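Notes for the one structure printed next.
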Amino acid sequence: MKKILATLAAGLFTLNASLATDARISGSWSGFYDRQTLAQTAENLRPGILDNWQHVILPALTAEERRRLEHVRFVIDIENPDSALNFFAISGEVHIPASSARMLGDLVASWMWLNQRGYSTDTVNEYLAILKYQWESGALRSGHYRPLEALGVPAGVRDDPAIADEYARVISNALFFFICHELGHVLYEHQGIVAKDAAAAAQSIVQEQQADTFALELMRRIGEMPISVPMFFMFAATLEPAPADPGYGRPHTHPQSSERIRSIATTLRTRSRGFARGFNDPSTAVAKVNAIADLLVNSVVTTLESPVIQDLWRQKGLKGRLEDLKPRPKTDLSSIGAAPGQNGGHLFDGTYHGKWMNLESTDFDVRMELQRNGETVVGSWTFGPNRVTVEGIVSDGRLYFDWKWGEDCFGKGELYPESDDRLSGTWGYNRKTSGGGIWSLARP
C-alpha cells in the first residue's frame, strides 16, 4: 500500500529548480511559479492520482460510496490564482492545482531539510507570513520569493538521501488526504458554500468536517496514518486571515477554523485503534495517532484562537524580509525556537520568582509559572492572593504576551533573557507592552 501511495510524490521530484518570472497578476497568485514548472508538475501528477484512485481508493469504498462517486472526474489545473494552497471540488470534479501541489511540496521539503540539519523550521512559517502580507500587496518585487530560494534550501533537496524517503511518504500522505477530502465533498454533494456571513460560515465548517471525516475514514481503512495533517494545517493557519487583517471575513470556501481542527483531533483519538491495525506494535501506533491529535490542538488550534499569536505573525509578515530567512540554528535566540538554559530548562518555560514593579516604583513579589510548547507560551503569575493569566509567543528571543487580571484589567508585555536563568521586561495596559512598569525575574 505504501508503494502505491508513493506514486503521488513522483510528480514533485522533477524540476527542482523554480524558474524566475515576474509575469504575475497584481492581487492574485497567478505567476508565483512559471508555467513550464507547473505544466510539468501537472503532467507528472496525473498518473499517480489516477493510480491511487483505481488501486487504493476504489477498493476501499463501500458499494454505496462507489455508486455515488462513479462519475467523479479528476482535474489537474495548472494553477489556482485564488490561493497559494487550495484543493477543491465542484460539480462532481476534484481539482488538484499543480501550483498548490508544487507549493506544498516545496514547503514540506524545506521543513524537512532544515529540521534534518539542525536549523530552525520556524523560518518556514515566517516565510508564509511574509508572503501572506506582501505578495498580494505587490511589496515583493524580487524574483527570489519561492520557498527553496527564500529559505536557503538546495534546489535538489528532494533527491537528498537524508530526507528523500520520508519526503515521499509525507507528501504522498498529504496529497492522498486532500484527494479523499475533496471526494468527500463530491460524495455528500456539497455545494461549495462561500462563508460570507455567520450562518454560511457555520454551514461551510460542517461541510469541511464531513469531508475531513470521510478522508480520515478512508485512510483508516487502508492503514495509512495521517502523519502530514498537522504540518499542512499549520501552514494553512499561517496564511489564514487574522481578525486584524483588512481581508478578514471575506468570503472563502475552506475555513481553517479551530472547530474544524478540533473535530479532526477528536476523530483521530476516537478511532486511534483503527488506525493502529496492521502495525507490528499497535500500542505504539495508537500513541502516535494520539500525538498527531495533540499536535493539531497544541499548535494549530492555539494559533487560530490566540489573538496575540496572530498579531505577532501579522507584524512579522508586514515587517519581515525574505533576505533574513536563511538557515539559522534552532538554539539561535534570533529564532522563534526554544533555547535550553544551562540548567536544562527551556527559555520562558518553568517557574520564575522576582519583582513586578509599577511606575511609582512600588514592587510586588511575584511567582510566574510558564508552560512552553514550541513558540507558544501560556501560564500565570501570582502576587499575594491575586492571579494574572498569561498567553504569548516567543519571537526573536523574546516573549511577547497578553495578560489579564479579572474581567476589566488587561494589557500586554514582553520578557527577554538577561542570562540563562534571569528575565527582564516591561508591561503595559490595553494594547501597550510598556508604560505600566518593569519585570525582574529569576529561576529559584
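The sequence shown begins at 339 in the working numbering and counts up by one. Where is the CB? At the ideal position from N, CA and C, for every residue including glycine. Here the structure is a predicted model, which is why all the values come from computation and not from measurement.
Excluding sequence positions up to five before and after E546, its CB lies within less than 6 angstroms of the CB of R598, all in the same chain and listed in chain order. For P485, no beta strand (DSSP E) run applies; the uninterrupted alpha helix (DSSP H) run containing it begins and ends at P485 to L489, by DSSP. Under the 8 angstroms Cβ criterion, the segment 449-457 does not count as touching the segment 410-428, having fewer than three qualifying pairs. Here the alpha carbon of D498 sits roughly 9 angstroms from the alpha carbon of P492. Going by C-alpha positions, E520 is about 15 angstroms away from L399. A direct Cα-Cα distance of roughly 12 angstroms separates N382 from Q374. Taking the Cβ atoms as the reference, V627 lies roughly 5 angstroms from L606, within the contact range of under 8 angstroms. Judged by DSSP in its simplified three-state form, L478 adopts coil rather than helix or strand. Measuring C-alpha to C-alpha distances from V508 to each of A488, S566 and V394 identifies S566 as the nearest.
Taking C-beta atoms as the reference points, G775 and Y767 fail to come closer than 7 angstroms. Comparing alpha-carbon positions, the option among H528, F617 and P665 lying closest to V432 turns out to be H528.
Taking every protein chain shown into account, the CB of T461 has 16 or more other CB atoms within 10 angstroms, so this residue is buried.
The segment 739-751 makes no contact with the segment 656-669, as fewer than three CB pairs between them are under 8 angstroms. For D740, the pairing in a beta bridge is given by DSSP as E729 and K750.
Boundaries of the alpha helix (DSSP H) harbouring F552: A536 to I560, taken from the DSSP string. Listed in chain order, the beta strand (DSSP E) elements of length 3 or more contained wholly in the segment 363-422 are 411-413. Apart from the 5 residues on each side of it in sequence, W743 sits with its Cβ closer than 6 angstroms to the Cβ of V726 in its chain, given in chain order.
In this chain, the beta strand (DSSP E) harbouring E707 covers D701 to N711.
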